[in-house]
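Chains as they are written, first to last, in my numbering: chain A, 48 to 647; chain B, -1 to 200; chain C, 221 to 572.
Here's the structure we're looking at; comments come further down.
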Amino acid sequence: MAQAVAAKEEQTDRWAIIWDWITTSDHKKIGLLYFWTSLTFFFVGGFLALGVRSQLAVPNSTMISPDVYNQFFTMHALVMIFLALMPMSVAFFNFIIPLQIGARDVAFPRLNSFSYWVYLFGGILLCSGFLFGDAPDIGWTGYASLSSAQYTPGASGDFYVMGLQVLGISTLAGGLNFFVTIINMRAPGMSLMRMPIFVWMTMITVVLIMLAFPTLAIALFALMMDRNFDTVFFSATEGSVVMWQHLFWIFGHPEVYILILPAFGIISEVLPTFSRKPLFGYSFVVFSGIAIAFLGFGVWVHHMFTVGVGPIPNMVFSTTTMLIAIPTGVKILNWLATLWGGSIRLTTAMLFAVAFVGMFTIGGISGVMHAAVPIDYWQHDTYFVVAHLHYVLFGGTMFGLIAGTYYWFPKWYGRYMSESLGKIHFWLTLIGFNLTFFPMHFLGVDGMPRRIYTYPSDYGYELWNLVATVGAYMLGIGMLLMVWNLIKSVRSGEPAPADPWDGRTIEWTTASPPAKHNFDATPQIRARDDFWDKKYNRTDEAEPPADEHIHLPPGSYVPLLVSFGLMLMGAGVIFTLWISVIGGIITAVGLFAWAFEPND
Amino acid sequence: MASTDHHAGHDEHATTTGITHNKMMMWSFLASDCMFFGTLIMMYMVYRPDMADLEIGPNQLLDIPFSSLMTFVLLMSSLAFVLGLSALQRGNHAGMRIWLSTTALMGLLFLGGETFEYLKFYDEGITIGSNIFGTAYFVTTGFHKVHVAIGVIWLLGLVLMSYRGRLGVENEEKVEIAGLYWHFVDIVWIVIFTFVFLVPYR
Amino acid sequence: MADWIRCKRGVALGALVPLLALTLAGCGITGGEVQSASELAGDNARAIWNLFVPIFWLSVVIFVLVQGALIWAVIKFRRKEGDPVPAQLHGNTKVEVAWTIAPAIILAVILVPTITTIADLASEPDDPYTVDVIGHQWWWEFEYEEDGFVTGNVMHIPVDTPIQVRMTASDVIHSFYAPQLFGKQDVIPGRETNIYFTAEQTGEFYGQCYEFCGIQHANMHFRIVVHEQDEFDDWVASQQEGATEPEEGTIEAQGKEVFFQAGAACHACHAIDGAVAEDGTEAAGQVGPNLTNIGDRPIIGAGSLENTPENMFDWIRNPQESKPGNEMPAFSEDQISDEDLEALVAYLNSLR
Ligand code: HEA
Ligand code: HEA
Ligand code: CUA
Ligand SMILES: [Cu+2]
């Protein structure tokens, strides 16, 4: 970090440095802001998870009151999904995508900083429910009619609606930005089929964001109208309570692929690098990603098999859901084939990547079990689903993001993370993870419902709940170790060269950490793994001359201003409407300033 | 979100696709916007069968001749826009100002007509909360109206810029992008008009 | 040294497969039975389990193959000092096509029984015995429309008779599921959903609400008691008869008075079929569960407590203690004295 700042200007004044971070529009700094913020939120979510696990460790526990428990598991899921895992993926988009496509920055740098600030303020808004003892307690799915003003009076439901609405703006803005960036800013020669897989998966992810988030926005808008302005969208008598579920899952299923595809991308970079082999079946991996995204819009009813939509729809959606296992299976097998015959180096990043393949497969298989409708009549809303979702979200997404962190950390800070700490972190995490979530399958078989704050003592749930709780604390220790490793390595990690892992893609051609302008000369792409190709096949190639006029946009505080206004607008709906008015004015002034701010 | 950010870096027009960032952004945004409207219209379609039996519902309230007229006005505004854009492309600034102002005026006329309908419904006792028709109708068309209103402001902004001499032939793309938006809002109205007004309720 | 470390890791990795496989195969080591989906007592649940078992074993095979290949690859292809750069293999279309088709075949194999089972479970039996279920925050109401009475939290049905459970909710969405008997269906306000099943054994079966429905979702249990047909007929007859009238002068009679007295006013919320106060007031409240046979129920407050006199005493004194947030208010000693409360408990206990 120190170097990056020093490279920019001689800023010794601390306030100048802070101001620089606040107004920055440099994708690398925004990426780091995203990373550290989302990691912080991960610990908030993890803390809530530990609360949940502590309460469930023994039967008939009264450690946490039912009301608080419901807030805990709801906020646990919201924080993990919307404030930790998605933004952490966005951190990787930010730092890595421009480097991998050979660009100086993203297409709309100030919009990018806007996305970050809206994310931060939206996160604060969502979590501030705890300050009033009234955080959302309706499950992350917020089903009607429980979420109506009648059954969830008070602010908690409004925190849910407005928090997610504001966060959605951030995600949508980011999604559009990265779509344009990838479509429009690739280095000369980088055709679609030469893009690194991480770029491909990011592009598919942002398309999913562009198409899925509007549905959530409308659903939340309708819920807000129902709660605060007397409309009847989700009322049982006039509208339809089931409508909410349809809208939520039309968004919600693509959302889970939004969560997993970036991790797929990361894995597809890490496995080849440490096997010293190209990704096996590049085009199959690409097209299976597209197929997953496409099918992802046609399976939402699998969350609603027990709603009673009828046997025919259930059969149809069972089929489409199972179809998704095919492209996903293709990916798994291609990763295995990438390892096969490789020259494998088990760095920490690689260990997490390999474990990803194993753990995600477990989660995927239990997903296929849910997809068999009658089995879901049993497993739905039991701990079997909780096991499934953590195997794909933690064993999948989170393992992928951790692998990416160890892999790209040297590029971020010009230093290695400690491998010995990393290995301990890995084993603690792998074992803790399986201890926590594998027994939940057994609990599911024994019929333990999810979202219960306590269970009786004679149902046979004691043992596996206790094991899961022990596992969760183990995971927690593992994650703390990772943070220690991160902090230690930022300060005093072993210095890393530009290309620490014998990498394959062009982000490794530039310095670690990269200069503000990323590349001295615009890269020319000749092959898929261009850097590898250059190192091993085109060794006599001359360096292209450095570009002459490198122009970077100045920073701006306007995005911060606009996002603050947006947060106030959301808060006003929760408290009193005049706060919204003030927020609206700030937003309008900010947008006006934005439109006329000189940006060249 | 009318961002006027320029991409960082080198040559303004050296994008991979040859389409500028701003225009690409507008296309992407419209893809998203399709899903916003798609969700609303889908919801409307699901609620539709229940609306036929309401005591005061679409069968009693909808005035198809009047709304057809308003639809016609909105459609014609798109034509006016095209004339404005082509005037600018030929360097005819006065023509552009006149046509874009006409476009905006027609948009305002449309908004006025729709507000008139709203008030009429209100007199009949239909509000946003009175029944599912009120809810779905006001929210769906209201969401569209917000789009039209933003479009009107945007168009007037362009006219203003032109008066101040900040909108030359060289940045006619600014007008083109506004046009993408305006035409989109127009087309969406055709869909809404069809499903909300024209298809009979049974 | 390096060799030793490598070996240790290999062992650790290798230990993982059998470990996981063991636990996976170890459904036998799961904890409980009372609410387990593997202890079958109904045809509906059996159909589900019969579908699950082959899919489970198929999953075990896929699991072992994938994890095995993964660990094998990692061990076999570890980089050694001075290894050359491996061949840069980009892919192999034939292999790719093969492993696109293979999962497709496996899934087709899963899909066929899935679809037939869906159809089976959805098909309405001829002439079923119907029980209406109404989900409330946070208790269950069971209405026997044909036979003309209502009960709560404990459902009685005859064995070997096709049952139709016809469900709706009064407030938010709930979900009705007794794992040993049938698969779950959501219970939705403004809609009707159905479950069809036949109980294959007599006995008492556990179930509860599986859809998050607010603060006391955890304590929304119910029981299903399956009788032989003649036993069931007796039960129905006794329900139709209404509550047992306590004899004059007994403590139960005193308890009945308390039930109607101003400080308690239980009748405002609870019905007891056939119970009439001296002033002619009927116990016909609709807010809480019907108490006509409360003495007969194994649980109080939808499973928050076991039904013993002491627990009943505590429940009425303060239901918020064992079930915080539920809709029944607490009754202080000013409202019901200890003595009266004991009489009340005796009365309730006599209602069978
Ligand atoms: C990262 C997130 C993620 C991912 C990737 C997935 C992937 C899948 N999910 Fe999951 N799911 C969730 C997150 C995710 N899910 C969450 C959060 C919930 C709960 C929501 C809530 O209620 O709170 C949920 C719930 C959920 C349900 C509803 C359960 C219920 O509530 O009753 C279902 C039902 O069909 C389902 C199915 C699937 C399937 C079939 C896949 C498939 O994509 C998996 C495909 C992968 C494989 C199958 C493994 C690899 C393949 C092979 C090795 C090839 C060979 C395999 C076969 C032939 C079987 N999921
Ligand atoms: C998105 C990703 C994600 C992640 C990463 C996790 C991670 C974890 N989850 Fe979560 N979870 C969900 C998504 C996720 N979960 C979702 C979507 C639901 C459904 C919610 C719903 O029903 O609505 C759910 C529900 C859920 C439940 C079910 C609750 C219920 O139904 O009643 C449980 C229970 O054990 C649980 C546990 C855990 C645990 C132990 C972790 C662990 O992996 C966490 C590990 C991390 C830590 C342990 C952090 C360590 C931190 C410290 C040690 C420091 C402590 C900090 C301070 C003191 C300041 N989760
Ligand atoms: Cu009723 Cu959960
Ligand atoms: Cu899904």
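Every residue, glycine too, gets a C-beta built ideally from N, C-alpha and C.
{"Asked": "Short CB-CB distance (under 7 Å) between Trp152/B and chain A", "Found": "no"}
{"Asked": "8 Å Cβ cut-off: residues of chain B touching Gly336/A", "Found": "What Gly336/A touches in chain B: nothing, since even the nearest Cβ is about 19 Å away."}
{"Asked": "Nearest neighbour of Asp273/A, chosen from Arg241/A, Ser192/A and Pro325/A [CA to CA]", "Found": "Ser192/A"}
{"Asked": "Segment contact, 8 Å Cβ cut-off, at least three pairs: the region 110 to 125 of chain B with the region 43 to 63 of chain B", "Found": "yes"}
{"Asked": "Neighbour list for Leu294/A in chain B, Cβ cutoff strictly below 7 Å", "Found": "Thr37"}
{"Asked": "Any non-hydrogen atom of ligand 1 within 6 Å of Leu306/A CB", "Found": "yes"}
{"Asked": "Local conformation of Val105/A per DSSP, three classes", "Found": "coil"}
{"Asked": "Residues proximal to ligand 3 by C-beta, any heavy atom closer than 7 Å", "Found": "Gly355/C, Gln357/C, Trp358/C, His394/C, Ser395/C, Cys429/C, Tyr430/C, Glu431/C, Phe432/C, Cys433/C, His437/C and Met440/C"}
{"Asked": "Contacts around Trp66/A, its chain only, beta-carbon distance under 6 Å, and the 5 residues preceding and following it disregarded", "Found": "none"}
{"Asked": "Beta carbon of Ala234/A nearer than 7 Å to that of Gly149/A", "Found": "yes"}
{"Asked": "Reference Gln421/C, options Val446/C, Ile471/C, Asp499/C and Glu559/C, closest by Cα", "Found": "Val446/C"}
{"Asked": "7 Å Cβ cutoff, Gly187/A in contact with chain C", "Found": "One point to set straight first is that residue 187/A is Trp, not Gly, in the sequence displayed. By this cut-off, Trp187/A is not an interface position."}
{"Asked": "Residue range of the unbroken beta strand (DSSP E) whose run includes Thr368/A", "Found": "Premise fails: Thr368/A lies in the alpha helix (DSSP H), Pro358 to Leu386, not in any beta strand (DSSP E)."}
{"Asked": "Whole-Å CB distance - Leu172/B paired with Leu178/B, under 8 Å assumed", "Found": "Before going on, a small fix: residue 172/B reads as Lys here, not Leu. Contact doesn't hold; Cβ gap of about 11 Å is too wide."}
{"Asked": "Segment contact, 8 Å Cβ cut-off, at least three pairs: the region 303 to 323 of chain C with the region 325 to 332 of chain A", "Found": "yes"}
{"Asked": "C-beta atoms of Ala384/A and Val317/A nearer than 7 Å", "Found": "no"}
{"Asked": "Residue span of the beta strand (DSSP E) that contains Pro378/C, given as start and end", "Found": "Val374 to Pro378"}
{"Asked": "The region 282 to 301 of chain A / the region 182 to 191 of chain A touching (three or more Cβ pairs under 8 Å)", "Found": "yes"}
{"Asked": "Buried/exposed call for Ala245/C, threshold 16 Cβ in 10 Å", "Found": "For Ala245/C, the predicted model reports a pLDDT of 48, less than 50, meaning its position is unreliable; a value from the coordinates is still stated below. With fewer than 16 Cβ atoms within 10 Å of its Cβ, Ala245/C is classed as exposed."}
{"Asked": "Sub-7 Å separation of Gly521/C and Trp535/C beta-carbons", "Found": "yes"}
{"Asked": "Outcome for Ile325/C when other beta-carbon atoms lying within 10 angstroms are tallied against a minimum of 16", "Found": "exposed"}
{"Asked": "Nearest-angstrom Cα separation, counted from Thr87/A out to Val530/A", "Found": "10 Å"}
{"Asked": "Leu125/A Cβ short of 6 Å to ligand 1 heavy atom set", "Found": "no"}
{"Asked": "His437/A: CB within 6 Å of a non-hydrogen atom of ligand 5", "Found": "Ligand 5 is not among the ligands present in this structure, which contains only ligand 1, ligand 2, ligand 3 and ligand 4."}
{"Asked": "Beta-carbon proximity of Val514/A to Leu477/A, cut-off 7 Å", "Found": "no"}
{"Asked": "Asp647/A (DSSP reduced to helix, strand or coil)", "Found": "Unreliable positioning characterises Asp647/A in this predicted model, as indicated by a pLDDT of 44, which lies under 50. The coordinate reading is nonetheless provided below. Three-state result, Asp647/A: coil."}
{"Asked": "Alpha carbon of Asp223/C to alpha carbon of Phe177/A, nearest angstrom", "Found": "Note that Asp223/C has pLDDT 44, beneath the 50 cutoff, so the model's placement of it is unreliable and no number is given."}
{"Asked": "Any non-hydrogen atom of ligand 4 closer than 6 Å to His417/A Cβ", "Found": "no"}
{"Asked": "Three-state secondary structure assigned by DSSP to Ala220/A", "Found": "helix"}
{"Asked": "Buried versus exposed, by CB contacts within 10 Å (16 or more), Glu285/A", "Found": "buried"}
{"Asked": "Burial state of Ser128/B (16 or more Cβ within 10 Å)", "Found": "buried"}
{"Asked": "Classification of Thr249/A by the beta-carbon crowding that lies within 10 angstroms, buried from 16 upward", "Found": "buried"}
{"Asked": "Residue span of the beta strand (DSSP E) that contains Cys429/C, given as start and end", "Found": "Gly423 to Cys429"}
{"Asked": "C-beta neighbour in chain A for Asn90/B, strict 7 Å", "Found": "no"}
{"Asked": "Three-way DSSP call (helix, strand, coil) for Asp580/A in this model", "Found": "helix"}
{"Asked": "Reduced DSSP secondary structure (H/G/I, E/B, other) of Trp548/A", "Found": "coil"}
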